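Note sheet for the following structure.
In the working numbering, the protein residues as written are 207 to 433.
As structure tokens, then:
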């Protein structure tokens, strides 16, 4: 597994250098206008229902991707950052940064089911690990992760992290990866044991934020700045 992480970090460095001058073959297919004021953060897609969830200041806006229309708004998500989708449980989980809480909602009706306080401050990234049916929040101001049993909505653990977490990704098989923005590192955590297993420096890259995983090809992509 260490070889996997090293390879992906090296690959990312190469992409960072070459992508600036690369020609893009992508084009804008459509635009979706969202009403309301305030900032934005993460988006999430539920492929089963073909819905897009957009974090927007104090709400999450739900878009039907077959029509590109807003079909619902999930309220009272102050300082919203991320949305995690648990399709097998028909639940969504929203990190409410200013409330240091997680809003849990029904994927079919978009109704709020519960609000759970996390064991840290300012939950930012949030993800669902299907292998353990657990939700992990990455609390940016307390350098820890809160673990929630997605079936019962109960907090079952707190994991101390070796730095300030930013974005996270899961491989679906029990391994969770996350950036440490202040350390310029990527960590691997075991979702079952709830322990950090390994840490890798991204030098010469710094301040990693976005993170994506290609499960099929076993590659991890961390967005960072080359010093």
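Heads up, the beta-carbon is just placed ideally off N, CA and C, and yes, glycines get one too. Model, not experiment: these values are computed from the prediction.
Residue from the options with nearest C-alpha to residue i
{"i": "residue 433", "options": "409, 334, 424 and 369", "result": "409"}
{"i": "residue 382", "options": "421, 269, 349 and 234", "result": "421"}
{"i": "residue 301", "options": "369, 374, 412 and 367", "result": "374"}
{"i": "residue 235", "options": "292, 376, 344 and 274", "result": "274"}
{"i": "residue 411", "options": "427, 362, 349 and 291", "result": "427"}
{"i": "residue 423", "options": "406, 377 and 431", "result": "377"}
{"i": "residue 370", "options": "328, 334 and 256", "result": "328"}
{"i": "residue 325", "options": "334, 303 and 397", "result": "303"}
DSSP bridge partner residues for residue i (one or two, in chain order)
{"i": "residue 329", "result": "345"}
{"i": "residue 424", "result": "Paired residues: none, contrary to the question."}
{"i": "residue 419", "result": "426"}
{"i": "residue 261", "result": "266"}
{"i": "residue 406", "result": "392"}
{"i": "residue 278", "result": "268"}
{"i": "residue 292", "result": "297"}
{"i": "residue 324", "result": "Partner(s): none; residue 324 has no beta bridge."}
{"i": "residue 318", "result": "311"}
Environment of residue i [buried if 16+ CB atoms lie within 10 Å]
{"i": "residue 294", "result": "exposed"}
{"i": "residue 227", "result": "Here the model assigns residue 227 a pLDDT of 49, short of 50, so the residue's position is not dependable and the matter cannot be decided."}
{"i": "residue 387", "result": "buried"}
{"i": "residue 356", "result": "buried"}
{"i": "residue 430", "result": "buried"}
{"i": "residue 223", "result": "Since pLDDT at residue 223 reaches only 35, below the 50 mark, its modelled position is unreliable, and no value is offered."}
{"i": "residue 347", "result": "exposed"}
{"i": "residue 280", "result": "buried"}
{"i": "residue 390", "result": "buried"}
{"i": "residue 231", "result": "exposed"}
{"i": "residue 414", "result": "buried"}
{"i": "residue 362", "result": "exposed"}
{"i": "residue 350", "result": "buried"}
Residue j beta carbon less than 8 Å from that of residue i
{"i": "residue 265", "j": "residue 259", "result": "no"}
{"i": "residue 402", "j": "residue 367", "result": "yes"}
{"i": "residue 332", "j": "residue 384", "result": "no"}
{"i": "residue 308", "j": "residue 286", "result": "no"}
{"i": "residue 395", "j": "residue 365", "result": "yes"}
{"i": "residue 290", "j": "residue 316", "result": "no"}
{"i": "residue 288", "j": "residue 338", "result": "no"}
{"i": "residue 296", "j": "residue 284", "result": "no"}
{"i": "residue 197", "j": "residue 240", "result": "The question about residue 197 has no answer here: the residues shown for the chain are numbered 207 through 433."}
Item to check | Ranges of the beta strand (DSSP E) found wholly within the stretch 352-394, counting only runs of at least 3 | outcome: Runs of the beta strand (DSSP E) spanning 3 or more residues and lying entirely within the stretch 352-394 occur at 360-366, 371-376 and 381-386, in chain order.
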